[in-house]
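Here's the structure we're looking at; comments come further down.
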Amino acid sequence: MSTVDSFGSKGVLNVKGTDYEIFRLNSVEGAESLPYSLKVLLENLLRTEDGANITADHVRALAAWDPAAEPDTEIQFTPARVIMQDFTGVPCVVDLATMREAVKDLGGDPKRVNPLAPAEMVIDHSVQIDAFGNAGALERNMEIEYQRNGERYQFLRWGQTAFDDFKVVPPGTGIVHQVNIEYLARTIMTREVDGKLRAYPDTCVGTDSHTTMVNGLGVLGWGVGGIEAEAAMLGQPVSMLIPRVVGFKLSGSIPAGATATDVVLTITEMLRKHGVVGKFVEFYGEGVAAVPLANRATIGNMSPEFGSTAAMFPIDDVTLDYLRLTGRSEENVALVEAYTKEQGLWHDPSRELRFSEYLELDLSTVVPSISGPKRPQDRIELTDAKEQFRKDIHNYVTLADGSVDEALDESFPASDSPSFSPDSHVTEDNEVKVVASAANGANGRPSKPVTVETADGRSFELDHGAVSIASITSCTNTSNPSVMLAAALLARNAVEKGLTAKPWVKTSVAPGSKVVTDYYEKSGLTPYLEKLGFYIVGYGCATCIGNSGPLEPEISEAIQANDLSVTAVLSGNRNFEGRINPDVKMNYLASPPLVIAYALAGTMDFDFDVDPLGQDEQGNDVFLKDIWPNPVEVQEVIDSSIDEGMFAKGYEGVFEGDERWKALDTPAGDTFAWAEDSTYVRKPPYFEGMKAQPDPVTDIEGARVLLKLGDSVTTDHISPAGSFKSDTPAGQYLLANGVERKDFNSYGSRRGNHEVMIRGTFANIRIKNQLLADFNDGAGVEGGFTRDFTQPDGPQAYVYDAAQNYREAGTPLVVLGGKEYGSGSSRDWAAKGTALLGVKAVITESFERIHRSNLIGMGVLPLQFPEGENAATLGLDGTETFSISGVTQLNEGVTPKTLKVTATKEDGTSKSFDAVVRIDTPGEADYYRNGGILQYVLRQISA
1 MSTVDSFGSK GVLNVKGTDY EIFRLNSVEG AESLPYSLKV LLENLLRTED GANITADHVR
61 ALAAWDPAAE PDTEIQFTPA RVIMQDFTGV PCVVDLATMR EAVKDLGGDP KRVNPLAPAE
121 MVIDHSVQID AFGNAGALER NMEIEYQRNG ERYQFLRWGQ TAFDDFKVVP PGTGIVHQVN
181 IEYLARTIMT REVDGKLRAY PDTCVGTDSH TTMVNGLGVL GWGVGGIEAE AAMLGQPVSM
241 LIPRVVGFKL SGSIPAGATA TDVVLTITEM LRKHGVVGKF VEFYGEGVAA VPLANRATIG
301 NMSPEFGSTA AMFPIDDVTL DYLRLTGRSE ENVALVEAYT KEQGLWHDPS RELRFSEYLE
361 LDLSTVVPSI SGPKRPQDRI ELTDAKEQFR KDIHNYVTLA DGSVDEALDE SFPASDSPSF
421 SPDSHVTEDN EVKVVASAAN GANGRPSKPV TVETADGRSF ELDHGAVSIA SITSCTNTSN
481 PSVMLAAALL ARNAVEKGLT AKPWVKTSVA PGSKVVTDYY EKSGLTPYLE KLGFYIVGYG
541 CATCIGNSGP LEPEISEAIQ ANDLSVTAVL SGNRNFEGRI NPDVKMNYLA SPPLVIAYAL
601 AGTMDFDFDV DPLGQDEQGN DVFLKDIWPN PVEVQEVIDS SIDEGMFAKG YEGVFEGDER
661 WKALDTPAGD TFAWAEDSTY VRKPPYFEGM KAQPDPVTDI EGARVLLKLG DSVTTDHISP
721 AGSFKSDTPA GQYLLANGVE RKDFNSYGSR RGNHEVMIRG TFANIRIKNQ LLADFNDGAG
781 VEGGFTRDFT QPDGPQAYVY DAAQNYREAG TPLVVLGGKE YGSGSSRDWA AKGTALLGVK
841 AVITESFERI HRSNLIGMGV LPLQFPEGEN AATLGLDGTE TFSISGVTQL NEGVTPKTLK
901 VTATKEDGTS KSFDAVVRID TPGEADYYRN GGILQYVLRQ ISA
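For the sequence shown, UniProt numbering gives the first residue as 1, with consecutive numbering after it.
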C-alpha cells in the first residue's frame, strides 16, 4: 500500500460512471517517451512508493532511463499477481506449509504466511500420454493421472482451503499460459484499497518460464523460480535492475505457406543471435496492428527461448477484440481502453519511443521452418531439413568406443561429409525381439532398416531418423487457432487423398484448453485428425514437458537393441536433449500442420519438395504442396467456428473441477499434517535449525568439483522433469520405500519430495560431465555420474552418492560450467537440488537470468570466469581443490565485484583468477547473507 505520493500522481479516472483511483504517469517528467514495458514499471513504482524500499529517486531514475547505458540502477517491482503450474507449484505450497511451521517455531503466527497478492495455479504438467490413437485415450490418461497424483492433488486442495487468495484450476482444464491469456489475465487490475476502487496494470510473475505468453496481451510478466514466486506471494518485491529494452520492428505480413510458428522460430533465431539475455524486448511499428493476438501470444511465449526477460506487445484494438472474444466483461474491456489511453499505454505506431537496441523483421520474408535437433534457436528452413538431418545424424550415432559410425554415410550421405567405409556398433541387449536380424551388420548395427513386429500384427521397418513421436502439444501453438485449424485442414486434405500416418509414429493432440476441442467439433474436422491417429489425449503440457509417455514396447526394444537415433516432432517450445522421451535422441520443433506432415512422412530423412507423402487412389504421387491448406480457407474456418460462447462455456466453474477432483479426501487445518510414509509430499529441510539471525557468510576452502560441464547446460540437464529408471538413486529410493517401478511417475511429479529431487539433480540421461571424459575408453560417460575424490583415484559414482560422501567428509563442492548455464525452464529445483547436494558456488562463463537468481535464492554463490576465460583457457580439468576468498566482505554490507579463486592441483601447483561476482543487486546480497530468499522472508515475517 502506497504511503507516499511525491509526484502528486494519484487521481481519479471515471469510466462509464465508475470512479477508479489511478496513479498518473504524466505527473513524472520523461514518462511519455519510455517504452511501454518501462511505463508499466514506472506506474508500479508510483503506486508502491513508501519512502523506504521504493523512493522518489527510484521513480526519477526510471523516468530518466538512458537507453544506451548498461543497467546499474536497482528497483523493486511488485507484481500484481502470481501464477503457477503444478510441477513448480507443488514445491511452492510445500515451502509455504513448511514456513508456517517455522514461523510457529520462531514464536510467530503461522497465518502470517499467506499470499498477499492473488495466486493462481493451473494443474497442467502431470498428464502423461499413456494411451493414444483411440477414442478412449483422453479418459484413460486422466484416470491414470489421478491414480498417480492423488496424493499431490489432495495436498493442493488443502492449500486451496488453508491459504487466502490462492486458487487452483484442477486437472483436465488446460495449460497454464493458455488459461492465463484466455481467462485469468485481467489486463487492467482492480482492487479495493482503503475503501477506494483502484485500477492499475495487470502484471505477474509465474513459476514457469513461458509466463511471458501473457506479454502478447500487453501484460508485463515473466517466469521466476518458485522460491522467488513464493517471496512475491508473501509481499516481497522482485529486485531487478532497470533493463535495456530492445525495440523489434515488425512489418509486412506472413506469406501463404508459412505460419505463426515459422515466425516465432525466425524471431527466436534472430534474438538469440543478437543477444537479449536479461533484456526486455518490445514489438513496435505499423506491422504490429496486423499481428493477430494469438500470434502475439505465440511470440511472447518463446521469450525464454531467445533469452529475454519479457517480449512485450502494446495494447491496441486487437487486444480489445481478443478480450471480447474470450468472454471478458464489457466493463473490463471499457476500463482497459480508457485506462491505457489515459496513461499513454495505448499503442500509437506514429509515436517514436526510445529503445536501447533495434531489430527489424519483414514478416513477408518468413519461410516454413523447423528447429532442432536439440535447441529451439537452431532453426532450419524446411527446404534444407533433409540435408541438415543427414549432417546432424552423424553426431548421434556412435560406435561402442565412442567414435563416429562411418557406415552411416552409406545410408545417410551428407553433402559435405567425407566418404566413409562400413563399420559396426556392438550391442549387449539380447532380450529384444528384432525380427530382421539378417539385416544387421556383423556386430549388430543395422546397415539397413530393422524390421519390427508389434503385438497387434503390424510389421514395419525402423531406421535412424524415424519419426517415433508426432505431437501437437504446448500452449505455444495450441493457443493459436490459425495453426491448429491449419493442422486439421491438412489432415482433412490428407485423408481425402488416401494418406495415412506411418504405423511407428506415436500421434497425439494435447490442447491447451477445451475451446480447441469445441472449434474442432464445430468445424467438423475432428474425424479427419482421428483418422490419422491424432486423437485428443489430454489437456496439458504433455509431450512439450517430457510427458510423451512410453513408446510401444516393440518399438522401444528395437531402438535400444540397435541404438537407433529416432526423432520426435512436436509443436512445442523446448526440444532439449533427454527431455521428450528417453528413447528419442533428436527432437524437432515444428508448426502443428508440419507435425502432421512428418507423421505422414514417418522420417526426418525427407524432402517435402521432392519426396511424395504417398499416392492417391489413382496412383498419383501426393506431395505436401498438394494438401497444404489455403490460408484464406483457414481464416474462413476460424471465422465460422470460433465464438465468444465457447470461451464462456469452457471456463464455466473453472475452479470447481470434475467429480474426481471433488471426491478427493482433503485434509483441513492451518498447518499441514505431513504423512511420514508419503513419497510425494515431504517436509523439506530448508529451515531446520534456523536461527532468528543468520550466521556470517564465510570464505570457501578445500572445495571439490562435483561436475565440470560445457556450454548450454539447461535446467533440464540439472533437474530433469521426465521419467527415470530403477537403477538410478531416485529409483532405488522409491523401491526401498515400497513404490513399484510402474508407479515411479516422473521427477516433475515428485517435486514435493526433496529426497527424490536431490537424487535426480544432475541426473539427466544426456548430461555430459567432463570429469568423466577419460572413462569408457576415452569416450566419456553420459548421465548422472561424476568422480568421487573421497575415494582413491576418484572412481566413477552417481552424483548423489559422491555428494553424500563429500558431505560426510565435510568437503564443500563447486560446479564448473560454460556459456548460457541454466538456460531453459524456470526450474527452482535446479537450484534447490544444487544447494542440497552441498554445492557452495557455481563458476561459469555466463548464466541465464532465472537460474542465476534461483541459485542466490538458495544461498549458492554464482561466479563467472574473467571475460574471455573459461576452465580450458585457465588449464582447469576439475580434479583441483578450490578456495574462494573475499566472500566475508558481504558481512559488512559490501558486495565485491570479484572474488579470488585459487585452484590447486594434486601436485601442489595452483592457478588463481578473479571471478566476477554475479550478485547483481543489494536485495540479492541480503538473500545470500541469509542463506536464501525464503530464510530472509521468514526472518522478516517472524520479526
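Positions of the beta carbon are idealized from the N, C-alpha and C atoms, including for glycine.
The structure displayed is predicted, hence computed values, not measured ones.
>> I believe Leu489 touches Val263 by the beta-carbon criterion, under 8 Å. Please report the beta-carbon distance rounded to the nearest angstrom.
In response: Mapped onto the sequence shown, residue 489 falls at position 489. Mapped onto the sequence shown, residue 263 falls at position 263. That pair is no contact at about 19 Å.
> With DSSP run on the structure shown, which of helix, strand or coil describes Gly172?
Replying inline: Residue 172 sits at position 172 when you count from the first residue of the sequence shown. Coil.
> Is Lys374 closer than 8 Å to Phe576 when the C-beta atoms are compared?
Replying inline: Taking the first residue of the sequence shown as 1, we reach residue 576 at position 576. Taking the first residue of the sequence shown as 1, we reach residue 374 at position 374. Contact: yes.
> Going by beta carbon distance, what residues of the same chain come within less than 7 Å of Tyr396, once the five residues before and after it are set aside?
Replying inline: Position 396 of the sequence shown, counted from the start, is the residue given in the question as residue 396. If we look at Tyr396 and ignore the five residues flanking it on each side, its Cβ neighbours are Ser565, Lys585 and Met586.
>> I need the DSSP call for Lys911, collapsed to helix, strand or coil.
In response: Translated into positions along the sequence shown, residue 911 becomes position 911. Three-state DSSP puts Lys911 in a strand.
> For the beta strand (DSSP E) that contains Asp19, what are its first and last residues?
Replying inline: To locate residue 19, count along the sequence shown from 1; it is residue 19. That run of the beta strand (DSSP E) goes Thr18 to Phe23.
>> Between which residues of its own chain and residue 944 is the CB-CB distance below 6 Å, once the five residues before and five after are set aside?
In response: The structure shown does not extend to residue 944, since the chain is modelled only from 1 through 943, so no value can be given for it.
> Within this structure, are the beta carbons of Ala831 and Ile545 separated by less than 8 Å?
Replying inline: The count along the sequence shown starts at 1 and reaches residue 831 at position 831. The count along the sequence shown starts at 1 and reaches residue 545 at position 545. Cβ atoms of Ala831 and Ile545: not closer than 8 Å.
>> Measuring alpha carbon to alpha carbon, tell me which residue in Gly878, Thr203, Met213 and Gly150 is nearest Val179.
In response: Along the sequence shown, one-based indexing puts residue 179 at 179. Comparing Cα-Cα distances from Val179 to each of Gly878, Thr203, Met213 and Gly150, the minimum goes to Met213.
>> Less than 6 Å between C-beta atoms, sequence neighbours within five positions excluded: which residues of the same chain meet that for Met858?
In response: Within the sequence shown, the letter at position 858 stands for residue 858. Within the same chain, Met858 has close Cβ partners Ala831, Lys832, Ala835 and Gly932.
> Where DSSP assigns a beta bridge to Val739, which residues make up the other side?
Replying inline: To locate residue 739, count along the sequence shown from 1; it is residue 739. Note: Val739 sits in no beta bridge, so no partner.
>> Between the alpha carbons of Val632 and Asp639, how many angstroms are there, rounded?
In response: To locate residue 632, count along the sequence shown from 1; it is residue 632. To locate residue 639, count along the sequence shown from 1; it is residue 639. About 11 Å.
>> On the DSSP letters alone, give me the boundaries of the beta strand (DSSP E) that Phe7 sits inside.
In response: To locate residue 7, count along the sequence shown from 1; it is residue 7. Here Phe7 belongs to no beta strand (DSSP E), and DSSP marks it neither H nor E.
>> Assuming Arg328 is part of the alpha helix (DSSP H), what are its boundary residues?
In response: As a first step, residue 328 must be located in the sequence shown, where it is residue number 328. Note, Arg328: premise wrong, no alpha helix (DSSP H); not H, not E.
> Of all the options Gly465, Asp50, Gly875 and Ile627, which has the alpha carbon lying nearest to the alpha carbon of Lys528?
Replying inline: Translated into the one-based positions of the sequence shown, residue 528 becomes position 528. Correcting the residue identity first, residue 528 is Tyr in this sequence and not Lys. If we check each option's Cα against that of Tyr528, Ile627 comes out closest.
> Does DSSP classify Gln864 as helix, strand or coil?
Replying inline: For the purposes of this step, residue 864 is taken as residue 864 along the sequence shown, with counting starting at 1. It is a strand residue.
> Can you give the Cα-Cα distance for Asn764 and Ile718, rounded to whole angstroms?
Replying inline: The sequence position of residue 764 within the sequence shown is 764, counting from 1. The sequence position of residue 718 within the sequence shown is 718, counting from 1. Straight-line Cα distance between these residues: approximately 7 Å.
>> Using 8 Å as the threshold, is the C-beta distance between Asp467 and Gly602 below it?
In response: Within the sequence shown, the letter at position 467 stands for residue 467. Within the sequence shown, the letter at position 602 stands for residue 602. In the sequence under discussion, the amino acid at residue 467 is Val, which differs from the Asp named in the question. A contact, by the Cβ cut-off of 8 Å.
> At a cut of 8 Å, does the stretch 298 to 306 reach the stretch 475 to 483 through at least three beta carbon pairs?
Replying inline: yes
>> Using C-beta distances below 8 Å, list every residue in its chain close to Ser9, excluding the 5 sequence neighbours before and after it, in chain order.
In response: For the purposes of this step, residue 9 is taken as the residue at position 9 of the sequence shown. Cβ neighbours of Ser9 beyond the five flanking positions: Phe23, Arg24, Leu25, Ser27, Val28 and Leu46.
> Whose CA, out of Val113, Gly731 and Ser126, lies closest to the CA of Tyr800?
Replying inline: Within the sequence shown, numbered from 1, the residue matching residue 800 stands at position 800. Per the Cα distances, Gly731.
>> So, for Gly150: in the same chain, excluding its five sequence neighbours on each side, which residues have a beta-carbon less than 8 Å away from its beta-carbon?
In response: If you number the sequence shown from 1, residue 150 lands on position 150. Closer than 8 Å at Cβ, skipping near neighbours: Leu664.
> Could you give the uninterrupted runs of the beta strand (DSSP E) lying entirely in the stretch 57 to 136, keeping only those of 3 residues or more?
Replying inline: 74 to 77, 81 to 85 and 119 to 122
> What is the C-beta distance between residue 964 and Leu816, in whole angstroms, given that I count them as a contact (C-beta under 8 Å)?
Replying inline: Absent from the structure is residue 964, since the part of the chain shown begins at 1 and ends at 943.
> Are at least three pairs of beta-carbons, each pair with one atom in the stretch 454 to 474 and one in the stretch 567 to 575, less than 8 Å apart?
Replying inline: yes
>> Between which residues of its own chain and Lys196 is the CB-CB distance below 6 Å, once the five residues before and five after are set aside?
In response: Sequence index remark: in the sequence shown, residue 196 carries index 196 (1-based). Around Lys196: Glu21.
> Hey, how far is the Cα of Pro511 from the Cα of Phe163?
Replying inline: Position 511 of the sequence shown, counting from 1, holds the residue named residue 511. Position 163 of the sequence shown, counting from 1, holds the residue named residue 163. Spanning the two alpha carbons is a distance of roughly 30 Å.
> Which of the three DSSP states, helix, strand or coil, is assigned to Asp362?
Replying inline: Residue 362 sits at position 362 when you count from the first residue of the sequence shown. Reduced to three states, the DSSP call for Asp362 is strand.
> Per DSSP, what kind of secondary structure is Asp639 in: helix, strand or coil?
Replying inline: Taking the first residue of the sequence shown as position 1, residue 639 is located at position 639. Looking at Asp639 - three-state DSSP - the assignment turns out to be helix.
>> Taking the alpha carbon of Glu557 as the reference point, which residue from Val634, Thr454 and Gly923 has its own alpha carbon closest?
In response: Counting from 1 along the sequence shown, the entry for residue 557 is found at position 557. When only C-alpha atoms are compared, the closest one is Thr454.
> Are the CB atoms of residue 946 and Ser308 nearer to each other than 8 Å?
Replying inline: The question about residue 946 has no answer, for the chain in this structure spans 1 to 943.
> Among Pro67, Ser910, Thr904 and Ile856, which one has its Cα closest to the Cα of Thr921?
Replying inline: Sequence index remark: in the sequence shown, residue 921 carries index 921 (1-based). The candidate whose alpha carbon is nearest that of Thr921 is Ile856.
>> For Arg324 and Glu644, which I take to be in contact (beta-carbon distance under 8 Å), what is that distance rounded to the nearest angstrom?
In response: Here residue 324 corresponds to residue number 324 of the sequence shown, with the count starting at 1. Here residue 644 corresponds to residue number 644 of the sequence shown, with the count starting at 1. Rounded, the Cβ-Cβ distance is 7 Å, consistent with contact.
> With 16 as the cutoff for other CB atoms within 10 Å, does Asn440 come out buried or exposed?
Replying inline: Mapped onto the sequence shown, residue 440 falls at position 440. Caution applies to Asn440, whose pLDDT of 35 falls short of 50 and renders its modelled position unreliable; the model cannot decide the point.
>> If you reduce the DSSP assignment to three classes, tell me which class Asn805 lands in.
In response: Start at 1 with the first residue of the sequence shown, and residue 805 comes out as number 805. Three-state result, Asn805: helix.
>> If distances are taken between C-alpha atoms only, which option among Thr904, Asn870, Ser910 and Glu848 comes closest to Pro304?
In response: Position 304 of the sequence shown holds residue 304. Closest by alpha carbon: Glu848.
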